[in-house]
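Novice: Here you go, one structure.
What follows is the structure, encoded as structure tokens:
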């Protein structure tokens with residue numbers, strides 16, 4: 614057994630027994646790591662006091678290979694993101710983002726990129742105007758999907774393979790995972806109509822530079838259409854559960870805090 618130290622965010626936590634908590638952390642170097650925080654619910658526990666949501670933490674734990682549940686030893690607060698905690702709208706957006714992460718990220722997923730994305734997303738959220746919070750969440754869902762290997766086909770029709778025509782009648786198939794030309798879109802009644810402007814915005818949502826999305830005008834009908842397509846595409850292919858299904862994971866002991 615070795616002592617390991619890393620950075621982490623709390624994805625989910627559950628009461629275990631009278632005074633302990635089971636925590637699923639998104640760590641910087643090892644992805645999702647479940648740990649038990651013994652005595653965290655005791656009134657004077659420094660560990661329990663630090664385990665708040667949306668905080669960037671330094672965590673020290675006993676790491677035993679092959680064990681499903683590691684033992685948390687110490688927690689250090691690295692960043693509190695007070696701009697998120699002080700706003701109901703931003704709190705709700707951060708909660709939705711972390712529910713998405715805990716549903717989408719497998720236990721053995723690569724660590725670094727997803728952790729850095731979570732950190733960048735919270736920092737950006739603190740500076741995001743209320744009217745653009747929906748846009749913020751959509752972009753970061755698509756970015757998480759990209760890190761997990763999920764990208765739609767946008768350069769050619771997923772139905773026939775032909776190049777996308779300039780200014781043509783375009784659609785998007787969530788299930789097939791990409792854009793459709795006019796003929797293929799017409800043959801699929803369930804496809805979402807895009808149009809040239811919305812198609813361009815879908816491309817921006819999947820671009821690695823967040824600044825390109827952040828400067829879009831507010832209230833654009835094409836943006837709303839593009840954002841809806843992007844969210845449904847990511848949720849479908851990552852098999853993200855709805856909020857109603859996001860309760861305790863199977864086999865978890867106790868109840869969620």
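Residue numbers (the working numbering): 614 to 870. Each residue gets a CB set at the ideal place from its N, CA and C atoms; glycine is no exception.
Just to confirm my understanding: we take residue 816, look at its own chain, exclude 5 residues before and 5 after, and list those with CB closer than 7 Å. What are they?
Specialist: These residues qualify, in order along the chain: 767.
Novice: Per DSSP, what are the beta-bridge partners of residue 647 in this structure?
Specialist: DSSP lists 637 as partners of residue 647.
Novice: DSSP on residue 728, reduced to helix/strand/coil?
Specialist: In this structure, residue 728 counts as helix in the three-state DSSP scheme.
Novice: If you drop the 5 nearest sequence neighbours on each side, which residues of the same chain put their C-beta closer than 7 Å to that of residue 786?
Specialist: The answer, listed in chain order, is 771, 793, 801, 804.
Novice: Using the beta-carbon count (16 or more within 10 Å), is residue 714 buried or exposed?
Specialist: By the 10 Å Cβ count, residue 714 comes out buried.
Novice: Rounded to whole angstroms, what is the Cα-Cα separation between residue 621 and residue 789?
Specialist: Going by the C-alpha atoms only, they are around 35 Å apart.
Novice: On the criterion of 16 or more Cβ atoms from any shown chain inside 10 Å, does residue 797 qualify as buried, or is it exposed?
Specialist: Residue 797 comes out buried.
Novice: Determine the contact status of residue 843 and residue 820, defining contact as a CB-CB distance below 9 Å.
Specialist: Not a contact, by the Cβ cut-off of 9 Å.
Novice: Please report the distance separating the alpha-carbon of residue 626 from that of residue 814.
Specialist: The alpha-carbon atoms of residue 626 and residue 814 are separated by roughly 36 Å.
Novice: Roughly how many angstroms lie between the CA atoms of residue 682 and residue 634, to the nearest whole one?
Specialist: Each residue's alpha carbon lies about 12 Å from the other.
Novice: As an exercise, report each continuous alpha helix (DSSP H) stretch of at least 4 residues that is fully enclosed by the region 787-843, in chain order.
Specialist: Counting only runs of 4 or more, we get 795-799, 808-818, 824-827.
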